[in-house]
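Asker: Here's a structure for you.
Next up, the structure:
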């Protein structure tokens, strides 16, 4: 059932009849429907984050901390649900748990780039030259936009208006400080990761475990990649159920 929240500033899919004990956040360019199988039979809320699904985009290009503050407004009306996040939704979930650990009972995350890539190929020479020329005001914005459209990622090309600003801010994030903040609490964290995830390779949750310590567990799901396939869904549901039934 589609639910309106925050006076129309948020929409989500309500599962079950009672207050949500689980809140789920989708990935970039996705929406609440991604969580249908995972949340089946639960009292849960799958949100459309601002700029996706039914929820309006923000008035400006938010960073993930601002998304987390938007989420905090919703969570304050609930009794410390388990927070689940995939990809971009995982970014927001980590920010929320670092800033407001008292609002959630536990954290389940999958497929989010927790750190900047260790190494990567340089952008195409033409794009690097274009960025240099644009910084020197030698080419107009219109020409720079042509280069962005030609050489940018598919997510970048498909993002419009303020959502392009949101994307640029998000992909430059590093969550080391947020993980350290979470580690300083007793919040349980479950990392569920696709073995073949190329958007967020498995070295990332491995390094996160070194920061999070004993309150965190990591499960690598064989054969799964970045998107929520049946194997990931099964493991995510197991992690959610464990945190729900271990109510502290």
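Residue numbers (UniProt numbering): 1 to 248. Where a beta carbon is used, it is the ideal one built from N, C-alpha and C, also for glycine. A quick note: this is a predicted structure, and the numbers were derived from the prediction, not measured.
Let me know the beta strand (DSSP E) ranges lying completely inside the segment 3 to 43, each 3 residues or longer, listed in chain order.
Answerer: DSSP runs (the beta strand (DSSP E)) wholly in the segment 3 to 43: 10 to 15, 22 to 25.
Asker: When the Cα of residue 194 is compared with those of 187, 224, 208, 207, which residue comes out closest?
Answerer: Of the listed residues, the one whose Cα sits closest to residue 194 is 224.
Asker: With distance defined between alpha-carbon atoms, name the residue in 178, 87, 9 nearest to residue 100.
Answerer: When each option's Cα is compared against that of residue 100, the closest is 178.
Asker: Could you check where the beta strand (DSSP E) with residue 227 kicks off and where it finishes?
Answerer: That residue, residue 227, is in no beta strand (DSSP E); it is neither H nor E in DSSP.
Asker: Compute the Euclidean distance between the alpha carbons of residue 227 and residue 111, then round it to the nearest angstrom.
Answerer: Rounded to whole angstroms, residue 227 to residue 111 spans 8 Å at the Cα level.
Asker: Do residue 279 and residue 38 have their C-beta atoms closer together than 7 Å?
Answerer: The requested residue 279 is not part of the displayed model; the chain covers only 1 to 248.
Asker: Classify residue 55 as buried or exposed, calling it buried when 16 or more other Cβ atoms lie within 10 Å of its own Cβ.
Answerer: Buried, since its Cβ has 16 or more Cβ neighbours within 10 Å.
Asker: Can you list, in chain order, the residues of its chain whose CB lies under 7 Å from that of residue 144, leaving out five sequence neighbours each side?
Answerer: For residue 144, where only same-chain residues beyond five positions count, the Cβ hits under 7 Å are 130, 134.
Asker: Within 8 Å, do at least three Cβ pairs link the segment 57 to 68 to the segment 160 to 171?
Answerer: The segment 160 to 171 is in contact with the segment 57 to 68.
Asker: Quick check on DSSP: helix, strand or coil for residue 179?
Answerer: Reduced to three states, the DSSP call for residue 179 is helix.
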